[in-house]
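Position one of the sequence shown corresponds to residue 8 (my numbering), numbered consecutively onward.
From the three backbone atoms N, C-alpha and C, an ideal C-beta is built for every residue, glycine too.
Structure first, commentary second.
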Amino acid sequence: MLSENEKNILKCAIMQPTYNPWLGYFDLIDSVDIFVYLDDVQLVKRSWQVRNRIKTDKGELFLTIPVKKVKDSRKTLIKDAVIDDTTDWRKKHLRAIELNYKKAPYFNEVFSFIRELIESPFKYLGDFNINFIEKIKDSIGIATKTMRSSHIKNITGKKDNRLANICKHINCNIYISPQGSASYIEKEYPGGELEKNNIKVYYHNYEHPVYTQLYGKFLPFMGIIDLLFNVGFKDALEIIRKGRRNPIYCLDYRKKFMEFYQ
Numbered sequence: 008m009l010s011e012n013e014k015n016i017l018k019c020a021i022m023q024p025t026y027n028p029w030l031g032y033f034d035l036i037d038s039v040d041i042f043v044y045l046d047d048v049q050l051v052k053r054s055w056q057v058r059n060r061i062k063t064d065k066g067e068l069f070l071t072i073p074v075k076k077v078k079d080s081r082k083t084l085i086k087d088a089v090i091d092d093t094t095d096w097r098k099k100h101l102r103a104i105e106l107n108y109k110k111a112p113y114f115n116e117v118f119s120f121i122r123e124l125i126e127s128p129f130k131y132l133g134d135f136n137i138n139f140i141e142k143i144k145d146s147i148g149i150a151t152k153t154m155r156s157s158h159i160k161n162i163t164g165k166k167d168n169r170l171a172n173i174c175k176h177i178n179c180n181i182y183i184s185p186q187g188s189a190s191y192i193e194k195e196y197p198g199g200e201l202e203k204n205n206i207k208v209y210y211h212n213y214e215h216p217v218y219t220q221l222y223g224k225f226l227p228f229m230g231i232i233d234l235l236f237n238v239g240f241k242d243a244l245e246i247i248r249k250g251r252r253n254p255i256y257c258l259d260y261r262k263k264f265m266e267f268y269q
C-alpha cells in the first residue's frame, strides 16, 4: 500500500498500446500521474495489441486488426506495424459491434463515437491504438498525462532495464506495474532494475467490477466498449474505479507468490 508520503510522489505506468483494452487498462492509466505508451517494442502476434473481445449472445467474440506481414516479424515494432486494409476489417468489426450491441441502453450515444474511432484512417497500428485509447480516456474523464516511449530520445535496454530508463527520464519515483510483468521484473531481485535505480515498484491490483450487460450472466474482461454501450460515458469511470484495490509493493508481491521467485 502506498504510504501518505508516497501519495504525492510522481507515479507512472508503462504499457504497450492495445486494441479496445479491458477496464483494468484504463484503471491503470487513471491510477498514475504519467502513462507511457510503450510503442517502440516488438509487436506480438495474436496479442492484445491486435485483438480484444466483445460480448455476444453466444459468449465472447474476438475482433482482430490484421497487420501486413513482413519478412522478419520479430523486428516489427508496434509503432511500425502497418495495418492491412486489403481486407475490410473495419466494416466487419462495426457490423459485429452493431449486431451485438444494438439493444444496449447507450447504443445510440456510443456507436457513432466507436464508428469514428474504427474508421479513423491510420496507417500504423500504434497510431490507431493510441488514438482509440486517448479518445475513450478523454470521453470518460481520465485526466492523466500520456506520452509515447518512441518520442523519448536515447532510451536503451530491454525489459525492466528499459522501463527503469524511461522512468528516470520522466522523473518517476514510483512505478505501478501490471502484474503480468512480474515474471521478468521479479526474476532476480525484488523490483528488478527499477528498485536498483531507486524507483519503487508496486503492482496494480484490480478486481473486475460487475455491471449490467446484455445476454444474461456477467462476463468479465471484455473490451472497454462493452462497458460504454451498457452504462454510457458518464458513469463509466465510476464503475472502472470500483475495481481498484491498493497496489501491492514488490516485496509483498514476492511473499504472496513466493513459489515463483525461489
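Within the same chain, Val-57, Arg-58 come within 7 angstroms of Thr-71 by CB-CB distance, once the 5 residues on both sides are set aside. In this structure, Asp-87 places its C-beta atom within 8 angstroms of the C-beta atom of Tyr-131. Annotated as distal: Phe-139 and Ile-90, with beta-carbon spacing of 8 angstroms or more. Within the same chain, Ile-21, Met-22, Gln-23, Ser-156 come within 7 angstroms of Leu-45 by CB-CB distance, once the 5 residues on both sides are set aside. The beta carbons of Leu-234 and Tyr-218 sit closer together than 8 angstroms. For Glu-126, the enclosing alpha helix (DSSP H) has its first and last residue at 114-126. A contact is defined here as three or more CB-CB pairs under 8 angstroms, and the region 73-81 fails this definition with respect to the region 108-116.
A distance below 8 angstroms separates the beta carbons of Leu-30 and His-215.
The continuous stretches of alpha helix (DSSP H) do not include Lys-52, and DSSP gives it neither H nor E. Assignment of Tyr-32 by DSSP, reduced to helix, strand and coil, places it in the helix class. Boundaries of the beta strand (DSSP E) around Cys-19: 18-22. Residue pairing from DSSP leaves Tyr-26 without any beta-bridge partner. Of the candidates Leu-101, Asp-95, Pro-128, Gly-133, Gly-133 places its Cα closest to the Cα of Val-51. When secondary structure is reduced to three states using DSSP, Tyr-191 falls in the helix class. Contact between Ile-232 and Ile-61 holds, since their C-beta atoms are separated by about 7 angstroms, short of 8 angstroms. Of the residues assessed, His-158 falls on the exposed side of the cut-off, its CB having fewer than 16 other CB atoms within 10 angstroms.
With a cutoff of 8 angstroms on beta-carbon distance, Ile-41 and Ile-177 are scored as near each other. Each of Lys-203, Asn-172, Lys-166, Thr-153 was checked against the Cα of Ser-188, and the nearest Cα belongs to Lys-166. Going by C-alpha positions, Gly-66 is about 45 angstroms away from Asn-205. Judged by DSSP in its simplified three-state form, His-215 adopts coil rather than helix or strand. Exclusion of the five residues before and after Asp-34 leaves His-211, Tyr-213, Ile-247, Arg-248, Gly-250, Arg-251 as the residues of its chain whose Cβ lies within less than 8 angstroms of its Cβ. Contact between Gly-239 and Pro-28 is absent: CB atoms are separated by about 18 angstroms, not below the 8 angstroms threshold.
Taking the CA atoms as reference points, Gly-198 sits about 32 angstroms from Ala-243.
No Cβ-Cβ contact shorter than 8 angstroms links Asn-168 with Glu-123. The residues Asp-167, Gly-199, in chain order, have a CB closer than 6 angstroms to that of Ile-192 in the same chain once the five nearest residues on each side in sequence are set aside. For Glu-245, the closest alpha carbon among the candidates Ser-38, Tyr-256, Thr-94, Ile-137 is that of Ser-38. Comparing C-alpha distances from Thr-163 to each of Thr-153, Lys-175, Met-154 shows the shortest one belongs to Lys-175.
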